[in-house]
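Number of protein chains: 2
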Amino acid sequence: MGADGDARAAALGGTPGLTRPRAAIVVTGSELVRGDRPDRNGPWLAQALLARGVEPARLTVVGDAPAELEAALREGLAHDLLVCSGGLGPTHDDRTVELLARAAGLELRLDEALAAEIERRSRTAWRPGIRKQATLPAGAVVAGIAGTAPAFVVSAAACVAIVLPGPPGELRALWPAALETEPVRAVLGRAAPRSRRVLRFYGVGEPAVAAALAAAGGEGDGVEATVCARDFEVHVDLLVEPGAEPQAAERERALAAALGPALFSRSDAPVEALVLEACRARGLALATAESCTGGLVAGRLTSVPGSSDVFVGGIVAYADAVKTAELGVPAALLRARGAVSPEAAAAMAAGARTRLRADVGVAVTGIAGPGGGTPEKPVGLVYLHASGPGGAERAASLRHPGDRETVRARATAAALHLCRTLVTEL
Amino acid sequence: MGADGDARAAALGGTPGLTRPRAAIVVTGSELVRGDRPDRNGPWLAQALLARGVEPARLTVVGDAPAELEAALREGLAHDLLVCSGGLGPTHDDRTVELLARAAGLELRLDEALAAEIERRSRTAWRPGIRKQATLPAGAVVAGIAGTAPAFVVSAAACVAIVLPGPPGELRALWPAALETEPVRAVLGRAAPRSRRVLRFYGVGEPAVAAALAAAGGEGDGVEATVCARDFEVHVDLLVEPGAEPQAAERERALAAALGPALFSRSDAPVEALVLEACRARGLALATAESCTGGLVAGRLTSVPGSSDVFVGGIVAYADAVKTAELGVPAALLRARGAVSPEAAAAMAAGARTRLRADVGVAVTGIAGPGGGTPEKPVGLVYLHASGPGGAERAASLRHPGDRETVRARATAAALHLCRTLVTEL
């Protein structure tokens, strides 16, 4: 970076040559390192750190082997920030505190006031356990107590360590208090928190979005960009340094100009929430008719709190007899065109509207596999239809081979997006 | 461990003082370390290693910062086995091979035959990329190619490294070939593969299962046991050394005796598959009626391939008008007892049977929250009912506060288990 670059970095609030603080996350739990249960804390902490302008550099998951945990903590202490979760219980195989102190070269000290507080909260009076949990590395600042386990922050040479309990609910509850401690505030003060802009696209591939982003200026000038395909959408995240808002706005404008029709949201709200919001704003009641997705579209819609004021219900019409009896799809149509056909999808959507007395009906029928495919109608073939008031109709189809789970998830996303398109244009 | 212990360990096929091979897993991907996307490879590899008798000792996720990746690889090489995923692409920021070679002190060599093979498979003729992907550490054994990325195995001092591509489908496809390479076979030969027994319980808590396991002999004698609460069930895994089958069988017998009614499965098949199988065996057609779960029960049932020969369909009756019109729940009943009541659940189950012409109907109605709760009917209150032929009826209720997602997931699991109980007793 030359003098111009330095000047620009300074103007943008960044300091040339100074990298943003980097963090290591260490998660302990034998069920996690063995893959018995997914680690929910690591990804959550990574996103929470990013939001504060700290770069998550590594995430290590270890079991309860002491040497492995100590090594992971030692490696973590080589970063600006170390966040640990788990291993704070009262028994001998909860070793995070003891091993962190050893790795950091800090003495352990019993905090008598903390012991009294833990005893007050404890349902048992098992003194060795209470004394163990009240023994912290020298200089530790207690950020709060979950159950009987104290969360704390301690400085060790150039690193600040945040130690949190393993249960995700407890970890998330104590996180804000840990951020408010003096040592952590000092680290965060070196991290220019970036603002974030999100653009979400549907109906366009990741490479096309990446190319449009590159043409729009790509990364740099205080804007960091990631393109990520998720849930059959493509998400662009712009992380914007203080002062770089104009550059970010210009990229956003260029992306919208290049990919206009595919850009459907600038928020994190899931598409089912956008569908419900669009219906609510227009006073429309919504119903579903599902075959291959088997209730997943209704399941996503009803995952949103308050969905009951828009969504009235749905029919899962797996058997053809149910399509006919409950949705009024003519048996002759099913015989002539098949249950997986644009005509069946349209009749199902109409049936959902009339039978469930809704304003908008959305229908899905397709072949999820692994069996049931033919050369004419292969696994992955899905027909979708949305039907609204005043003769509004929208149809779509998918032809993507895949496993059963993927075909169903893709069809569910497609149904929600088709419904969004229909309703937002009403 | 004294002389007796040594003798027993030898008799069980274990070698006293010799620990089973330990593995490190290193996953690279900036979207993974930032928590943008969950890591699917680490847990999958951990379980695959465990099944082969190798202990997963640590899982490290790093981004594309070279120093961080190199450090993680170096730490991983301190284990008997190192499994890496990701960073094998053709561009400069795919650095796994180069950094592994550096960490292991191995030279990089261009494999001309491999380059020709990659060029044949490649849709482009970008020679620098092809040459990069065909350049491997000295002594590497190619296990297969995914796209244009070779998976390989290489020995470095006391460690054997397995290098696999990042996309989960490609990684899983190449894994068996990597296990068949000579260096990996040598490591696996030191790992007495353990057999696995699984016992799954529903309707009993993790502490009670842990206590019963301890009373049944707990761990030791060549049997390693884990107790894990998952999806509102409690799973006990017994990992059994060669020769320790009698001890494992005795623990299994004692657990079954202690917790009999709660033990519902000795396989990994999900409960929805057990429900479908039980219906199929009895020639029964199945239908659902859902309020608060909004289609999730039907969604789980239809996730199983071949479900269409048992499951005919379902009604998602979110609005009361739909409960009345589509399921025949009397409006007077809804007025008198409320939609969240045992009576409404029973009427919904009966309605699912009759309206959808099924033999078995299962119904769920409850308060998922966060709004809608009252002191008498709080968030988390759920009524379930299953109805079968010949007057078979089963009812259940839940009263667990929780967030919307948890209440719905718990109710879905409860509906499936209620249905399983009803049908298996027919």
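Residue numbers (our numbering), protein chains in the order written: chain A, 3 to 428; chain B, 3 to 428.
Just so it is clear, CB atoms sit at the ideal spot from N, CA and C, and this is done for glycine as well.
Remember, it's a predicted structure, so these values are computed and weren't measured experimentally.
Alpha-carbon to alpha-carbon, residue j and residue i
| i | j | result |
| --- | --- | --- |
| A103/B | P248/B | 46 Å |
| L265/B | E235/B | 10 Å |
| L286/A | L240/B | 54 Å |
| G89/A | V165/A | 10 Å |
| P167/B | T62/B | 16 Å |
| A188/A | R232/B | 40 Å |
| W46/A | A394/B | 46 Å |
| S124/B | W177/B | 22 Å |
| R355/A | P40/A | 40 Å |
| C86/B | V29/B | 6 Å |
| V162/A | G55/A | 16 Å |
| A53/A | P195/A | 7 Å |
| A73/A | A74/B | 11 Å |
| A216/B | V200/B | 16 Å |
| H419/A | S157/A | 49 Å |
| L386/A | E274/A | 16 Å |
| T304/B | V324/B | 22 Å |
| V229/B | T326/A | 47 Å |
| G37/B | D361/B | 46 Å |
Proximity test, Cβ basis, 7 Å: residue i and chain B
| i | result |
| --- | --- |
| Q135/A | no |
| V200/A | no |
| G19/A | With a pLDDT of 37 at G19/A, under the threshold of 50, the modelled position of that residue is not reliable, and no figure is offered here. |
| R422/A | no |
| Q249/A | no |
| C281/A | no |
| E33/A | yes |
| T62/A | yes |
| A297/A | The sequence given here places Gly at residue 297/A; Ala does not occur at that position. So, interface residue. |
Residue i at chain A interface by Cβ criterion, 7 Å
| i | result |
| --- | --- |
| D233/B | no |
| F313/B | yes |
| D38/B | yes |
| Y204/B | no |
| V236/B | no |
| A75/B | Going by the sequence as given, residue 75/B is Leu instead of Ala. It does not; no Cβ of chain A falls within 7 Å. |
| A59/B | yes |
| S87/B | no |
| R337/B | no |
| A411/B | no |
Beta-bridge pairing of residue i - partner residues as DSSP gives them
| i | result |
| --- | --- |
| F203/B | V236/B, L265/B |
| G146/B | A153/B |
| V364/B | T290/B, A388/B |
| S87/B | V29/B, L166/B |
| A394/A | DSSP, once it has assigned bridges, lists no residue as partnering A394/A. |
| E254/A | Answer by DSSP bridge pairing: none, since E254/A is not bridged. |
| L278/A | According to DSSP, L278/A bridges with nothing at all. |
The alpha helix (DSSP H) enclosing residue i, as first and last residue numbers
| i | result |
| --- | --- |
| G296/B | Looking at the DSSP string, G296/B is not in any alpha helix (DSSP H), and its letter there is neither H nor E. |
| S32/A | 32-35 |
| E407/B | 406-426 |
| V324/B | 322-329 |
| I120/A | 114-123 |
| V485/A | With chain A covering only 3 through 428, there is no way to say anything about residue 485/A. |
| G78/A | 68-78 |
| L101/B | 98-106 |
Residue i: first and last residue of the uninterrupted beta strand (DSSP E) it sits in
| i | result |
| --- | --- |
| R54/A | Here R54/A belongs to no beta strand (DSSP E), and DSSP marks it neither H nor E. |
| A214/B | Here A214/B belongs to no beta strand (DSSP E); instead the alpha helix (DSSP H) covers 208-217. |
| T356/A | Where T356/A is concerned, there is no enclosing beta strand (DSSP E), although the alpha helix (DSSP H) it sits in stretches over 344-357. |
| P139/B | 137-139 |
| A319/A | 313-319 |
Buried or exposed (CB count within 10 angstroms, at least 16 for buried), residue i
| i | result |
| --- | --- |
| A333/B | exposed |
| A289/B | buried |
| P377/B | exposed |
| D95/B | exposed |
| P152/A | buried |
| P139/B | buried |
| G311/B | Reading off the sequence, residue 311/B comes out as Asp, not Gly. Counting Cβ neighbours within 10 Å, D311/B comes out exposed, since fewer than 16 surround it. |
| P23/B | buried |
| D270/A | exposed |
Residue i beta carbon near the ligand GDP (any heavy atom closer than 6 Å)
| i | result |
| --- | --- |
| T30/B | Of ligands this structure carries none, so the ligand GDP is not represented either. |
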